[in-house]
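Just below is one structure, and these are the notes that go with it.
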Amino acid sequence: MKKTILVTGGLGYIGSHTVVELQENNYDVVVIDSLSNSIREVAERIASITKMPIKLYIADINDESLIDALFKQETIDGVIHFAAHKAVGESVQNPFKYYRNNIDGMITLQKVMRQYHVDTIVFSSSCTVYGDTKNSPINETHPVTEAISPYGTTKLVCEQILKDLCRYSGFRGIILRYFNPVGAHPSACIGELPIGVPDNLVPYITQTAAGIRDKLTVFGNDYNTADGTNIRDYIHVVDLARAHVKALDYAFTMHQDYEIFNLGTGKGHSVLEVIKAFEQASGKPLPYAIGARRAGDIEQIWADATKAAQLLKWTHQYNLYDMMDTAWKWQIALNHKQSRQG
Ligand code: NAD
Ligand code: UD1
0 MKKTILVTGG LGYIGSHTVV ELQENNYDVV VIDSLSNSIR EVAERIASIT
50 KMPIKLYIAD INDESLIDAL FKQETIDGVI HFAAHKAVGE SVQNPFKYYR
100 NNIDGMITLQ KVMRQYHVDT IVFSSSCTVY GDTKNSPINE THPVTEAISP
150 YGTTKLVCEQ ILKDLCRYSG FRGIILRYFN PVGAHPSACI GELPIGVPDN
200 LVPYITQTAA GIRDKLTVFG NDYNTADGTN IRDYIHVVDL ARAHVKALDY
250 AFTMHQDYEI FNLGTGKGHS VLEVIKAFEQ ASGKPLPYAI GARRAGDIEQ
300 IWADATKAAQ LLKWTHQYNL YDMMDTAWKW QIALNHKQSR QG
């Protein structure tokens, strides 16, 4: 019988791609999303890819009575928990917004899961928990360090809460530490929807190429790396979404326990390499200038994702060119939509 998965934040960037992969891999899906960083139309776009309906609750996971009603109404077998705020800069300005939404949300969700004896959960964490490290590639045994932002704090605290529940309350949990998710679905029906000026590199690049921004500023070229710019492990969002299905399959075979997996390609790319790959994929020169370092940036980090390969039988399929190609096609699709809307 098909299992039903509750996907919190399922209309967001990574959530929407994961819903597609779940539906295409024989899972039924119930989505809950507050639309705080997404739009309702994403549900229709997901359905246009999978040709399958999703059950959608537009609600906040902090609304305990509503979550309770949802668990009463639906037969949920497992949960993938994406719903969170994720803007690092905003979390510094407004930490309580982040503690309330991300940490309270996790607590409310897990409290209700426990009440309804739903014990299987996959949680979105981030490589930000490794802090500033010079020892890449990083594997999951690398110590986590004090967070550099309130957003990072919420990831550390939520990881700890999940570990506690796995140790003492019979949960089986998977913590996925994403490196840098980029790219979009090859259909160009879903992708990232940055609100306002993007903080992240790839949406800034695609918006610059589309003429929405004048030029990209490369934050520093005096780092101790081959070309002087920062190195990150960029991972295609569809590869990331596929990993969630594998993680869930794996979680259902586990006894009470938790496992942590890095999700990256295992290869680092510099900012200038990303720009070059984008220019190749789009066929457009990208206007950019070298600027000052951005406060809080880590010099270089990339993943050792051997554990995911061994236990989840997962590995990435898309390369940097594909990431840029799909990100650019998504930006073009977005431009078309916006010009149609006026
Ligand atoms: P996103 O903002 O696109 O998606 C999050 C979704 O959750 C949005 O649709 C938003 O409306 C919803 N949401 C937020 N708070 C909610 C609440 N209280 N109740 C219900 N819905 C709520 O973000 P994303 O990039 O898809 O990230 C998903 C998860 O992955 C987050 O937990 C994020 O911290 C984590 N993560 C993201 C990245 C990244 O670079 N995108 C990297 C590491 C970890
Ligand atoms: C950021 C978050 C991290 C989150 C990750 C994935 C911070 C400190 N960290 O990481 O918590 O998990 O996003 O979404 O914000 N760059 C430029 N010019 C730009 C934008 C970025 O040169 O206009 C450079 C940055 O200096 C960095 C690289 O591009 O070297 C990637 O930046 P970004 O996409 O913001 O991701 P991270 O900083 O790695």
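Going by numbering that gives the first Met the number 0, 220 is the number at position 221 of the sequence shown; the sequence numbering is gapless.
Glycine included, each C-beta is placed from N, C-alpha and C at the ideal position.
Proximity winner among Ile-60, Tyr-233, Ser-15 and Asp-118, relative to Tyr-167 (alpha-carbon distances): Within the sequence shown, numbered from 1, the residue matching residue 167 stands at position 168. Of the candidates Ile-60, Tyr-233, Ser-15 and Asp-118, the residue whose Cα lies closest to the Cα of Tyr-167 is Asp-118.
Which residues in the same chain have their Cβ closer than 8 Å to the Cβ of Ile-297, if we skip the five residues on either side of it in sequence? Here residue 297 refers to the residue found at position 298 when the sequence shown is read from its first residue. Cβ within range, chain order: Gly-130, Asp-131, Thr-132 and Asn-229.
With Pro-369 as the anchor, note down where its alpha helix (DSSP H) starts and where it stops. The question about residue 369 has no answer, for the chain in this structure spans 0 to 341.
Could you give the residue range of the beta strand (DSSP E) that holds Leu-215? The sequence position of residue 215 within the sequence shown is 216, counting from 1. Unbroken beta strand (DSSP E) run through Leu-215: 215–218.
Does any heavy atom of the ligand NAD sit closer than 8 Å to the C-beta of Glu-191? Translated into the one-based positions of the sequence shown, residue 191 becomes position 192. Yes - the ligand NAD has a heavy atom lying nearer than 8 Å to the Cβ of Glu-191.
Report the residue ranges of all beta strand (DSSP E) runs contained in full by the stretch 32–72; include only those spanning at least 3 residues, in chain order. 54–57
Where does the unbroken alpha helix (DSSP H) through Glu-89 begin, and where does it stop? Here residue 89 corresponds to residue number 90 of the sequence shown, with the count starting at 1. Counting along the chain, the alpha helix (DSSP H) containing Glu-89 begins and ends at 87–92.
If you run the structure through DSSP and keep just helix, strand and coil, what is Ser-349? Any question about residue 349 goes unanswered here, given that the chain covers just 0 to 341.
When burial is assigned at 16 or more other CB atoms within 10 Å of the CB, is Gly-263 buried or exposed? Position 264 of the sequence shown, counting from 1, holds the residue named residue 263. So Gly-263 counts as buried.
Going by the CB atoms, is the gap between Ile-31 and Ala-68 shorter than 9 Å? Numbered from 1 along the sequence shown, position 69 holds the residue referred to as residue 68. Numbered from 1 along the sequence shown, position 32 holds the residue referred to as residue 31. Against a cut-off of 9 Å, the Cβ pair of Ile-31 and Ala-68 comes out as no contact.
Selection from His-80, Ala-326, Leu-285 and Ile-211 that minimises the alpha carbon distance to Leu-108: As a first step, residue 108 is located in the sequence shown; it is residue number 109 there, counting from the start. Checked all of His-80, Ala-326, Leu-285 and Ile-211; the closest Cα to Leu-108 is His-80.
Thinking just about the alpha-carbon of each residue, which of Leu-55, His-116, Pro-94 and Thr-314 is nearest to the one in Val-236? Position 237 of the sequence shown holds residue 236. For Val-236, the nearest C-alpha among the options comes from Thr-314.
Ends of the beta strand (DSSP E) at Gly-104? Position 105 of the sequence shown, counted from the first residue, corresponds to residue 104. DSSP places Gly-104 outside any beta strand (DSSP E); the residue lies instead in the alpha helix (DSSP H), whose first and last residues are 104–114.
Taking all protein chains shown into account, do 16 or more other C-beta atoms lie within 10 angstroms of the C-beta of Val-78, making it buried, or fewer, making it exposed? Along the sequence shown, read from residue 1 onward, the residue named residue 78 stands at position 79. Buried: at least 16 other Cβ atoms inside 10 Å.
Can Thr-127 be considered in contact with the ligand UD1, in the sense that its beta carbon sits closer than 8 Å to one or more heavy atoms? By one-based count along the sequence shown, residue 127 stands at place 128. Yes, since a heavy atom of the ligand UD1 falls inside the 8 Å radius drawn around the Cβ of Thr-127.
Exposed unless 16 or more other CB atoms sit within 10 angstroms - verdict on Ser-64: Counting from 1 along the sequence shown, the entry for residue 64 is found at position 65. Exposed, since its Cβ has fewer than 16 Cβ neighbours within 10 Å.
Segment limits, beta strand (DSSP E) that includes Leu-262: Looking up residue 262 in the sequence shown gives position 263. From DSSP, the beta strand (DSSP E) with Leu-262 extends over 256–262.
Terminal residues of the continuous alpha helix (DSSP H) containing Pro-202? On the sequence shown, position 203 is the one that residue 202 refers to. Start and end: 200–208.
Just confirm the distance between the C-beta atoms of Thr-153 and Asn-101, as a whole number of angstroms; I'd bet it's less than 8 Å. If you number the sequence shown from 1, residue 153 lands on position 154. If you number the sequence shown from 1, residue 101 lands on position 102. Contact flag correct, Cβ pair sits at about 4 Å.
Tell me the rounded alpha-carbon separation between Ala-294 and Val-143. Here residue 294 refers to the residue found at position 295 of the sequence shown. Here residue 143 refers to the residue found at position 144 of the sequence shown. If I take the Cα positions, the gap works out to 20 Å.
Does the Cβ-Cβ distance between Phe-170 and Tyr-257 come in under 9 Å? Counted from its first residue, the sequence shown places residue 170 at position 171. Counted from its first residue, the sequence shown places residue 257 at position 258. Closer than 9 Å, so yes.
The beta strand (DSSP E) that contains Arg-176, what's its start and end? In the sequence shown, counting from the first residue as 1, residue 176 sits at position 177. Taken as a continuous stretch (DSSP letters only), the beta strand (DSSP E) holding Arg-176 covers 171–177.
Are the CB atoms of Phe-178 and Trp-301 nearer to each other than 9 Å? The count along the sequence shown starts at 1 and reaches residue 178 at position 179. The count along the sequence shown starts at 1 and reaches residue 301 at position 302. Contact check for Phe-178 against Trp-301 passes: the beta carbons are separated by less than 9 Å.
Is the beta carbon of His-243 less than 9 Å from the beta carbon of Leu-10? As a first step, residue 243 must be located in the sequence shown, where it is residue number 244. As a first step, residue 10 must be located in the sequence shown, where it is residue number 11. In this structure, Leu-10 does not lie closer than 9 Å to His-243 by Cβ.
Counting C-beta neighbours from all protein chains within 10 Å, is the total for Thr-140 16 or more, i.e. buried, or is it exposed? In the sequence shown, counting from the first residue as 1, residue 140 sits at position 141. Thr-140 is exposed by the Cβ-count criterion.
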